[in-house]
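2 protein chains.
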Amino acid sequence: MHSLERLFKPKNVVIFKVSRGISFFIEGFRRQGFDIGKLYLISKREKEFFGLKCYNSIDEIPEDIIDLLILSVRRELLIQSLEDILSKKKVNFVHIFTAGTGEFDDLGIEIERKLKELLDKFKHTRGIGPNCMGLYSPRGKTAYYSSFPVERGNIGLIFQSGDLHSKMIKFGSRRYNLRFSIGISIGNCIDIQISEILEYLNKDFETDVISIYFEGISPFHRNEGKKLFNVLKKMKKPVLFMRGGRTIRGQIAVLTHTGAIATRNDIWGAIYKQTPIIEVPPSIDELIDYNFLFSSYISRYRELKKNIVYPTNKRALVILWSGGFGILATDTLIELGLELPYFEGDALEKLKEIYPIRVGSLSNPFDLPWLTHQKIFVEVCKSAINGKFDLIIVETDAWKDMEGERFKGYYNNLLELREYVESLNKIFIIILHQYPSESQAKFNQLLLSDKFIVYPTIEAAAKSFLKLYEFGKKLTRINQEDN
Amino acid sequence: MHSLERLFKPKNVVIFKVSRGISFFIEGFRRQGFDIGKLYLISKREKEFFGLKCYNSIDEIPEDIIDLLILSVRRELLIQSLEDILSKKKVNFVHIFTAGTGEFDDLGIEIERKLKELLDKFKHTRGIGPNCMGLYSPRGKTAYYSSFPVERGNIGLIFQSGDLHSKMIKFGSRRYNLRFSIGISIGNCIDIQISEILEYLNKDFETDVISIYFEGISPFHRNEGKKLFNVLKKMKKPVLFMRGGRTIRGQIAVLTHTGAIATRNDIWGAIYKQTPIIEVPPSIDELIDYNFLFSSYISRYRELKKNIVYPTNKRALVILWSGGFGILATDTLIELGLELPYFEGDALEKLKEIYPIRVGSLSNPFDLPWLTHQKIFVEVCKSAINGKFDLIIVETDAWKDMEGERFKGYYNNLLELREYVESLNKIFIIILHQYPSESQAKFNQLLLSDKFIVYPTIEAAAKSFLKLYEFGKKLTRINQEDN
Chain A
133 MHSLERLFKP
143 KNVVIFKVSR
153 GISFFIEGFR
163 RQGFDIGKLY
173 LISKREKEFF
183 GLKCYNSIDE
193 IPEDIIDLLI
203 LSVRRELLIQ
213 SLEDILSKKK
223 VNFVHIFTAG
233 TGEFDDLGIE
243 IERKLKELLD
253 KFKHTRGIGP
263 NCMGLYSPRG
273 KTAYYSSFPV
283 ERGNIGLIFQ
293 SGDLHSKMIK
303 FGSRRYNLRF
313 SIGISIGNCI
323 DIQISEILEY
333 LNKDFETDVI
343 SIYFEGISPF
353 HRNEGKKLFN
363 VLKKMKKPVL
373 FMRGGRTIRG
383 QIAVLTHTGA
393 IATRNDIWGA
403 IYKQTPIIEV
413 PPSIDELIDY
423 NFLFSSYISR
433 YRELKKNIVY
443 PTNKRALVIL
453 WSGGFGILAT
463 DTLIELGLEL
473 PYFEGDALEK
483 LKEIYPIRVG
493 SLSNPFDLPW
503 LTHQKIFVEV
513 CKSAINGKFD
523 LIIVETDAWK
533 DMEGERFKGY
543 YNNLLELREY
553 VESLNKIFII
563 ILHQYPSESQ
573 AKFNQLLLSD
583 KFIVYPTIEA
593 AAKSFLKLYE
603 FGKKLTRINQ
613 EDN
Chain B
133 MHSLERLFKP
143 KNVVIFKVSR
153 GISFFIEGFR
163 RQGFDIGKLY
173 LISKREKEFF
183 GLKCYNSIDE
193 IPEDIIDLLI
203 LSVRRELLIQ
213 SLEDILSKKK
223 VNFVHIFTAG
233 TGEFDDLGIE
243 IERKLKELLD
253 KFKHTRGIGP
263 NCMGLYSPRG
273 KTAYYSSFPV
283 ERGNIGLIFQ
293 SGDLHSKMIK
303 FGSRRYNLRF
313 SIGISIGNCI
323 DIQISEILEY
333 LNKDFETDVI
343 SIYFEGISPF
353 HRNEGKKLFN
363 VLKKMKKPVL
373 FMRGGRTIRG
383 QIAVLTHTGA
393 IATRNDIWGA
403 IYKQTPIIEV
413 PPSIDELIDY
423 NFLFSSYISR
433 YRELKKNIVY
443 PTNKRALVIL
453 WSGGFGILAT
463 DTLIELGLEL
473 PYFEGDALEK
483 LKEIYPIRVG
493 SLSNPFDLPW
503 LTHQKIFVEV
513 CKSAINGKFD
523 LIIVETDAWK
533 DMEGERFKGY
543 YNNLLELREY
553 VESLNKIFII
563 ILHQYPSESQ
573 AKFNQLLLSD
583 KFIVYPTIEA
593 AAKSFLKLYE
603 FGKKLTRINQ
613 EDN
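Keeping their order, the protein sequence lines are chains A and B. According to this note's numbering, the first sequence is numbered sequentially starting from 133. According to this note's numbering, the second sequence is numbered sequentially starting from 133.
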């Protein structure tokens, strides 16, 4: 068994000490279906909390070995409390929730130093944190918020910010139905390091894509930089890497957030070049967008039990819902670096033989909205695509009448077109513009439930595709170097 | 009376010929409350259409002067139909809806040439189009879609794409409650030019900010380029200018869209420098974002009957909902070009005298989410702001309980803080992250109805602010040159 296995699948959990302020933990465990008989709360004040019995002290817990201890005490009591518990029970993992440590002031740094000493002394006990939200592990039925999905997915998260970790899961699951294998808010990294989790996720069968939010190295683990670099170099799965503190001003903010040692941009430039990892700008929204495509794309190959074919070209065909948007789409895609081959001369005439347009366009973007519910729409699109494009973007909009024949014809066309595009190992993305409307929300949900990749903007679609393409190019280069 | 007045406030409208495919016009007029007795439909086939009488021919229309004729016939019948009508009735304005003209093929170009000849002959008749959706003018109770708001606003639109014009109004009104003074989808510009509408809007009392979507100059109006430049130079109101065909590839797409003559990037670079207009990238979403801030900001000064003070500095204070997001916000704002002065030393101690933090941060970003519903939150924020910032960004999130005391305290703090910031002529923006959720939607609607400026991302907020700042800088420079 891997040494971190029990962290993600604890047989029992102790919360020391429970209080109203951290009741979300209990709600999270409940929602995931964790065996509540194995969730032990410690409180001197309360007899019962949220329907669960409270124990007066660690001695009363009827377990010899504690898999996961969630430690939530004032920082002044942190060292003494932990030392007391560790001297009484064998603890496999401690999640140090307490904040106000290394990121806060000199006393906090001193507390972290003592914490490290203590964990070095009790070698069998490994710690995450301090200053972190901890674990989301649907396989182990653990989560710190009840809003996190119970279903398991293929996205792994390692975040040096509980806030961003929570946002990623909450926004991602609601916007795109993202699902996760393991998420860890790791905080100031006084014991377990990012590189360790990364090695675990690299081998984890359920995890297909890994996202990291990184702020810096703990001042107590100065060799972690080199370790992390070595692990990143060896990664076989895509790693989407978002770094906080890209600017000097951002690094000042990092100091008050995790107290991590800032790392230099030129070093990171070299790391991005020398490893297969994908740089993500400082935007949780973009990170969510990218995860959506990587996760969906790899899932499909996994279901088909086929080797993944990443795009190594970037030729896009845009099929419009209506006209003028095509000009903006064209400028946007070209400015972002995609190619838009277009049909003219004989190639155009061949398409016109299938469907003789009178208005609109069969050039690229395609502009034939009146046709989208007819069978001939698929025919003309298939003939156009036929191995010449890597990315097919279909713009759509909400339908008032989703019961009528027109919509059914249209929706079947979307399904058929996607099947065709995917049979060619190419990428099929739908753009559904975002605005508050019942019919928009209903259509969006239908598309997501049928596993379409749906973005609200052409920018999000193009940028996500380009990240997949970047990973494809990196893999090709690495494989060439290996041969 | 201005020569274009009747275009935006027609006393009567004739649709020639009405058909099922263009019933949206009738629904649009109905929804706006246009006097249906003055909406005349012509059809040889139908006696009645959508509850309205149909006239057999133009001769039967009981009006001597037609203010607005909407011409919707096949392109082959266009010239003959229009000539026939103009020889029988005095027509003030004709909106040529017919597409498949100059943008489509050589025959279409020939039709445009004849159309121009015809309108040159009937000098009192002015035309918009062809290949356009036409008018949205709530003051004249006209709209081509029933989904357009009835309420009047301060945003004027001149768009060379009916699709983008419709998207702007539909998405803008639903996302941010945007309201418009006049919108015109002007198409291939065979008669009335963008510069003419622009001059009208520059004088129009209701219009505070103008957005243009431009594709190019009609080949039949080669001097429009110079005219447009001269009008743009004189503009006193902000003009948000989005150009389709920024890339060579985009210009190829423009050719099949409006058949306009492509214009060169270097020329546009010079125009952006020499006029007060604001360049907008090829994104309808960004254009909508920018309009939200300009429209809201100027509205407030209008209500106060004060001269507008545009920002000429760009120092931002970020007040977080929760921690890690602040690092991304910092990097994003700095990378976009804003400044984030922060509190340290004596300045920080002064803030700590008001509220002695134990965790979190009073540096910038502010990180004190537990405090946001208490009175002291406003005190510490006010003391920090006090003339030292141009932009205050407050991150928030949905509330489950919007009835409780905690929310009330929080919401009152937002109102009080905004009032304070606005009293300093500074800008107050709320970030409410976007994801499907009832409580999110409810909170968003509350904020919008109370006229808060609310964006879904920090990028949208920062970019919108920077456009306002850019306009402020341009105005300062122009005023200096004028003196």
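The C-beta atom is built at its ideal place from N, Cα and C for all residues, glycine as well.
Run through chain B and tell me which residues come within less than 9 Å of residue i, C-beta to C-beta.
| i | result |
| --- | --- |
| residue 141 of chain A | Neighbours of residue 141 of chain A on chain B: none; closest Cβ ~26 Å, over 9 Å. |
| residue 303 of chain A | 565, 566, 567 |
| residue 570 of chain A | Simply none; closest approach about 11 Å. |
| residue 381 of chain A | 462, 463, 465, 466, 471, 472, 474 |
Tell me which residues share the same chain as residue i and place their Cβ nearer than 7 Å to its Cβ, disregarding the 5 neighbours each side in the sequence.
| i | result |
| --- | --- |
| residue 166 of chain B | 273, 274 |
| residue 541 of chain B | 505, 506 |
| residue 207 of chain B | 230, 232, 233, 240, 243 |
| residue 608 of chain B | 444 |
| residue 593 of chain A | 525, 561, 563, 587 |
For a contact defined as C-beta to C-beta under 7 Å, what are the partners of residue i on chain B?
| i | result |
| --- | --- |
| residue 384 of chain A | 474 |
Residue i versus chain B: which residues are under 8 Å apart at the beta carbon?
| i | result |
| --- | --- |
| residue 581 of chain A | Ordered by position in chain B, no residue passes the 8 Å Cβ test against residue 581 of chain A, which lies about 13 Å from the chain. |
| residue 177 of chain A | Here the premise fails: no neighbours, minimum Cβ distance about 20 Å. |
| residue 618 of chain A | Lying before the first or after the last residue shown, residue 618 of chain A is absent from chain A, which here runs from 133 to 615. |
Here's a check: name, in chain order, each residue in its chain whose Cβ is nearer than 6 Å to the Cβ of residue i, leaving out the five neighbours to either side.
| i | result |
| --- | --- |
| residue 596 of chain A | 421, 422, 425 |
| residue 321 of chain B | 350 |
| residue 451 of chain B | 498, 526 |
| residue 599 of chain B | 410, 422 |
| residue 305 of chain A | 281 |
| residue 197 of chain B | 222 |
| residue 278 of chain A | 159, 160, 163 |
Please list the partners that residue i has in chain A, where partner means a Cβ-to-Cβ separation under 7 Å.
| i | result |
| --- | --- |
| residue 241 of chain B | Neighbours of residue 241 of chain B on chain A: none; closest Cβ ~15 Å, over 7 Å. |
| residue 295 of chain B | 454, 455, 456, 457 |
| residue 595 of chain B | None at all; the shortest Cβ gap to chain A is about 12 Å. |
| residue 528 of chain B | The premise fails here: residue 528 of chain B is roughly 13 Å from chain A at the closest Cβ pair, so nothing lies under 7 Å. |
| residue 236 of chain B | 491 |
| residue 479 of chain B | What residue 479 of chain B touches in chain A: nothing, since even the nearest Cβ is about 14 Å away. |
| residue 589 of chain B | 417 |
Leaving out five residues on either side along the sequence, give the residues of the same chain with a beta carbon under 8 Å from the beta carbon of residue i.
| i | result |
| --- | --- |
| residue 557 of chain B | 441 |
| residue 586 of chain A | 308, 561, 562, 563, 564, 576, 579, 580 |
| residue 486 of chain A | 508, 511, 512, 515 |
| residue 519 of chain B | 556 |
| residue 589 of chain A | 563, 565, 566 |
Give the residues of chain A in contact with residue i, contact being defined as C-beta atoms less than 9 Å apart.
| i | result |
| --- | --- |
| residue 377 of chain B | 459, 462, 463 |
So which residues of chain A does residue i contact, with C-beta pairs closer than 8 Å?
| i | result |
| --- | --- |
| residue 306 of chain B | 567, 568, 569 |
| residue 208 of chain B | The contacting residues do not exist; residue 208 of chain B stays about 11 Å from chain A at best. |
What ranges does the beta strand (DSSP E) occupy inside the region 351 to 424 of chain B, keeping only unbroken runs of at least 3 residues that lie completely in it? Complete beta strand (DSSP E) runs here, min 3: 371 to 375, 410 to 412.
If the cut-off is 8 Å on Cβ atoms, which residues from the region 386 to 402 of chain A count as contacting chain B, listed in chain order? So the close ones are 386, 388, 389.
Note down, in chain order, all residues in the region 490 to 507 of chain B with a beta-carbon under 7 Å from any beta-carbon belonging to chain A. Legend: CB atoms of the region 490 to 507 of chain B lying less than 7 Å from CB atoms of chain A belong to residues 490, 491, 493, 495, 497.
Using a Cβ cut-off of 7 Å, which residues of the region 449 to 465 of chain A contact any Cβ in chain B, in chain order? Correct list: 454, 455, 456, 457, 458, 459, 460, 462, 463, 464.
Please name the residues in the region 540 to 568 of chain B whose beta-carbon is closer than 8 Å to at least one beta-carbon of chain A, in chain order. Taken in chain order, the members of the region 540 to 568 of chain B whose beta-carbon sits within less than 8 Å of a beta-carbon on chain A are 565, 566, 567, 568.
Report the residues of the region 414 to 425 of chain B with a CB closer than 7 Å to any CB of chain A, ordered along the chain. Going along the region 414 to 425 of chain B in chain order, one finds 414, 415, 416, 417 with a Cβ nearer than 7 Å to chain A.
In the region 254 to 292 of chain A, which residue ranges form an unbroken beta strand (DSSP E) of at least 3 residues, counting only runs that do not cross its ends? The qualifying runs are 258 to 260, 266 to 268, 284 to 291.
Whether or not the region 466 to 485 of chain A and the region 313 to 330 of chain B are in contact is what I'm after, with contact meaning three or more pairs of Cβ atoms, one per stretch, closer than 8 Å; do they touch? Too few Cβ pairs lie closer than 8 Å, so no.
Would you call the region 290 to 304 of chain A in contact with the region 339 to 358 of chain A, where contact means no fewer than 3 C-beta pairs closer than 8 Å? The region 290 to 304 of chain A is in contact with the region 339 to 358 of chain A.
Does the contact criterion of 3 or more C-beta pairs under 8 Å hold for the region 253 to 273 of chain A versus the region 228 to 237 of chain A? Short answer: they touch.
In chain order, which alpha helix (DSSP H) runs of at least 4 residues are fully inside the region 478 to 557 of chain A? The qualifying runs are 507 to 517, 537 to 555.
The region 446 to 465 of chain A / the region 180 to 199 of chain B touching (three or more Cβ pairs under 8 Å): With the cut-off at 8 Å, the region 446 to 465 of chain A and the region 180 to 199 of chain B do not touch.
Three CB pairs or more closer than 8 Å across the region 433 to 447 of chain B and the region 385 to 402 of chain B: No: fewer than three Cβ pairs fall under 8 Å.
In chain order, what are the residue ranges of uninterrupted alpha helix (DSSP H) at least 4 long that sit wholly in the region 195 to 223 of chain A? Segments of the alpha helix (DSSP H) lying fully in the region 195 to 223 of chain A: 210 to 220.
Please list, in chain order, the residues of the region 341 to 355 of chain A that have any C-beta partner in chain B closer than 9 Å. From the region 341 to 355 of chain A, only 345, 347 have a Cβ closer than 9 Å to chain B.
Contact list for the region 272 to 291 of chain A against chain B, Cβ threshold 7 Å: Sequence-ordered contacts of the region 272 to 291 of chain A with chain B are nonexistent [C-beta pairs closer than 7 Å].
Per the contact definition of three or more C-beta pairs closer than 8 Å, is the region 176 to 188 of chain B in contact with the region 140 to 154 of chain B? Contact between the region 140 to 154 of chain B and the region 176 to 188 of chain B is present, because at least three Cβ pairs lie under 8 Å.
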